[in-house]
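Under our numbering, the first residue of the sequence shown is numbered 3, with each subsequent residue one higher.
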Amino acid sequence: MAAGKASLVALGVQFCLKNKLLSKSTLPDIVSCIKRGLATSVLSQPVEVPSATTSPSSSFSGPLEHYNSLIRDGQLREDLQQKAVLEKLDKMQKDLRGYSNERSTLFSKFFSKRKPPKGYYIYGDVGTGKTMVMDMFYDHVETAKKKRVHFHGFMLDVHKRIHRLKQSLPKRKVGKMAKAYDPIAPVAEEISEEACLLCFDEFQVTDIADAMILKQLFENLFLNGVVVVATSNRPPDDLYKNGLQRVNFVPFIAVLKEYCQTLRLDSGIDYRRRNRPAAGKLFYLSSEPDVDATLDKLFDEMAFKQNDITRPRSLKVHGRILTLNKACGTIADCTFEELCDRPIGASDYLEISAVFDTVFIRNIPLLTLNKKTQARRFITLIDALYEHKVRVVLQAETPLDDLFVHEHHDDHDPHDTHVLLDDLGISRDAGSSLAIFTGEEEVFAFQRTVSRLTEMQTEEYWVAGDRSSK
């Protein structure tokens with residue numbers, strides 16, 4: 003194979019010389035490049051130890067065979083909608099064999115470049131198995147250049163890259179205008195060099211800073227040959243619904259539809275809420291007798307197994323310090339106020355998820371629209387903890403299903419709302435339907451949060467979250 007490619011390249015160079023497309027003076031440099039290119043891409047075949055990222059996770063030929071095996075073993079119940087989606091993903095897994103989005107070189111131009119297959123955007127209600135089928139597909143894709151990320155975490159990384167590139171620019175000279183610099187294309191190129199397949203869980207857009215850059219970012223990713231598979235609770239047309247300046251976001255939807263086929267997975271069953279063995283009592287009502295003492299005792303029992311003392315813990319997040327008042331080893335004992343009632347966000351929750359495998363969250367209040375900001379933080383917190391299989395023990399004012407109340411109370415100052423609308427240049431009639439004022443996005447997202455918290459109380463989840471043996 004290597005000899006064949008070498009001879010083809012040699013013939014190509016001879017053709018170029020004969021037709022005076024190359025000068026003989028440049029031949030030594032080209033020969034040197036050919037040697038380097040062939041040495042790295044053809045002749046050099048390092049032996050790698052198979053891993054989860056470079057080979058299938060099992061002996062199955064693909065995700066569909068794996069799924070059918072789990073059904074035969076009784077570990078899964080057959081779901082025709084899941085199976086239909088997996089049939090599509092199974093074909094894509096085979097289409098991706100040998101695919102690469104590496105940039106064209108002088109030599110690769112002699113050979114035809116493979117066109118990337120279309121990606122998939124999988125949407126449906128909470129708990130229907132979207133993440134499961136995507137993960138099954140991801141595990142069987144045979145390439146090291148793949149990434150599976152929560153969409154929120156991905157966008158945090160994008161903004162960090164943008165900041166880094168801007169910081170690396172030379173300082174503007176006094177009295178001179180700074181040159182315009184657009185970091186989106188270079189960031190997309192960086193990401194494209196790291197992955198030819200991106201799998202996104204929970205594709206949702208709630209932040210205006212994300213909304214304004216998505217079209218340009220993803221256009222560049224797609225043009226660089228990146229294949230995208232995403233899961234979401236919303237169809238593409240409902241992304242960033244009623245968001246600020248949505249008119250500037252809408253063109254992204256057309257780009258997404260051009261490069262990704264839309265699949266609906268919605269069997270009407272929330273599998274997270276089906277009866278499964280519980281891990282014990284992990285949800286407590288604030289009204290229960292001696293609830294604080296009970297939680298203290300549970301924390302002490304867990305802390306006894308840690309090689310540490312109970313103390314405050316400081317975490318470094320992007321150069322600043324996040325302090326938690328009570329922790330021991332990999333266990334944190336926090337209050338809702340500590341986690342959601344101060345200005346912290348996704349990057350803080352991701353750091354907590356990386357450091358701790360068990361988090362107590364005490365004194366969760368009834369989340370009305372007046373606590374919309376805290377509710378958003380709570381949703382983001384649970385997303386991060388769930389994504390990293392962090393175990394939770396909860397104490398709340400009401401049962402899970404009653405935790406978020408979509409009722410509008412007029413305790414806030416309407417003057418503040420009117421000032422904000424005026425600053426944004428939005429009429430009061432138009433502003434009344436925006437998601438930031440209606441709470442629609444929180445209601446939608448909280449359905450997912452309750453579903454996930456239900457699963458997080460099962461024995462299966464609790465065992466999966468044990469990091470003591472890892």
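We put the CB at the ideal spot given by N, CA and C, even for glycine.
| Check | Outcome |
| --- | --- |
| Between the beta-carbon of Thr312 and the beta-carbon of Cys336, is there less than 7 Å? | no |
| Taking the straight line between their C-alpha atoms, what separation do you get for Leu219 and Asn250? | 14 Å |
| Please determine, among Asn309, Glu260, Ala348 and Ser63, the residue with the shortest C-alpha to C-alpha distance to Gly376. | For the sequence presented, residue 376 should be read as Gln rather than Gly. Among Asn309, Glu260, Ala348 and Ser63, the Cα nearest to that of Gln376 belongs to Ala348. |
| Go to Ser316, then tell me how far its alpha helix (DSSP H) extends in each direction, as first and last residue. | Not the alpha helix (DSSP H): Ser316 falls in the beta strand (DSSP E), residues Arg313 to Val319. |
| For the beta strand (DSSP E) that contains Tyr123, what are its first and last residues? | Gly121 to Tyr125 |
| Buried or exposed: which applies to Arg322, given that a residue is buried once 16 or more other Cβ atoms fall within 10 Å of its Cβ? | exposed |
| Going by C-alpha distance, which of His161, Thr332 and Leu326 is nearest Asn309? | Thr332 |
| For Asp239, which residues of its own chain have a beta-carbon under 7 Å away from its beta-carbon, when the five flanking residues on both sides are left out? | Ile255 |
| Could you compute how far the alpha carbon of Val252 sits from the alpha carbon of Asp403? | 33 Å |
| Determine whether the beta carbon atoms of Gln95 and Phe139 lie at a separation below 7 Å. | yes |
| Lys93 CB to nearest chain B CB: under 7 Å? | No chain B appears in this structure, which consists of one protein chain only. |
| Whole angstroms are fine: how far does the CA of Gly64 sit from the CA of Leu88? | 10 Å |
| Which residue comes first and which comes last in the alpha helix (DSSP H) that contains Cys342? | Phe338 to Cys342 |
| Counting only runs that start and end within the region 60–97, where is the alpha helix (DSSP H) found for 4 or more residues in a row? | 65–74 and 82–97 |
| Using a 10 Å radius around the Cβ and a threshold of 16 neighbouring Cβ atoms, would you call Tyr183 buried or exposed? | exposed |
| Write down every uninterrupted run of the beta strand (DSSP E) in the region 366–408 whose length is 3 residues or greater and which is fully enclosed by it, in chain order. | 393–398 |
| On the CB-based measure, 16 or more other CB atoms within 10 Å of its CB, does Phe338 come out buried or exposed? | buried |
| May I ask you to report which of helix, strand or coil DSSP gives Tyr286? | strand |
| I'd like the span of the alpha helix (DSSP H) that includes Val229, first residue to last. | Counting along the chain, Val229 falls outside any alpha helix (DSSP H), though it belongs to the beta strand (DSSP E) covering Val229 to Ser234. |
| Bridge partners for Ala334 per DSSP, in chain order? | Ala329 and Val361 |
| Could you pull the start and end residues of the beta strand (DSSP E) that Arg266 belongs to? | Cys262 to Arg266 |
| Give a yes or no on whether the C-beta atoms belonging to Leu265 and Ile354 are separated by under 7 Å. | no |
| Let me make sure I understand the geometry here. Which of Ile193, Pro401 and Gly121 has the alpha-carbon closest to that of Cys262? | Gly121 |
| Give me the DSSP bridge partner(s) of Arg322. | Val319 |
| Quick check on DSSP: helix, strand or coil for Leu516? | Nothing about residue 516 can be reported from this structure: the residues present for the chain run from 3 to 472 only. |
| Take Ile366 and list the residues in its own chain whose beta-carbon comes closer than 8 Å to its own, dropping the five residues that flank it on each side. | Phe338, Phe380, Leu396, Gln397, Ala398, Glu399 and Leu405 |
| Would you say Leu167 and Pro188 are within 7 Å of each other, going by their C-beta atoms? | yes |
| May I ask which residues mark the beginning and end of the beta strand (DSSP E) holding Lys149? | Lys148 to His152 |
| Would you check if the distance between the CB atom of Asn391 and the CB atom of Gly282 is smaller than 7 Å? | Reading off the sequence shown, one finds Lys at residue 391, where the question assumed Asn. Their beta carbons are not under 7 Å apart, which means Lys391 does not touch Gly282 by this criterion. |
| How far does the alpha helix (DSSP H) with Tyr2 in it extend, from its first residue to its last? | Here the chain comprises residues numbered 3 to 472, so residue 2 is not present and cannot be evaluated. |
| Whose C-alpha, out of Asp385, Gly129 and Gly227, is nearest the C-alpha of Pro119? | Gly227 |
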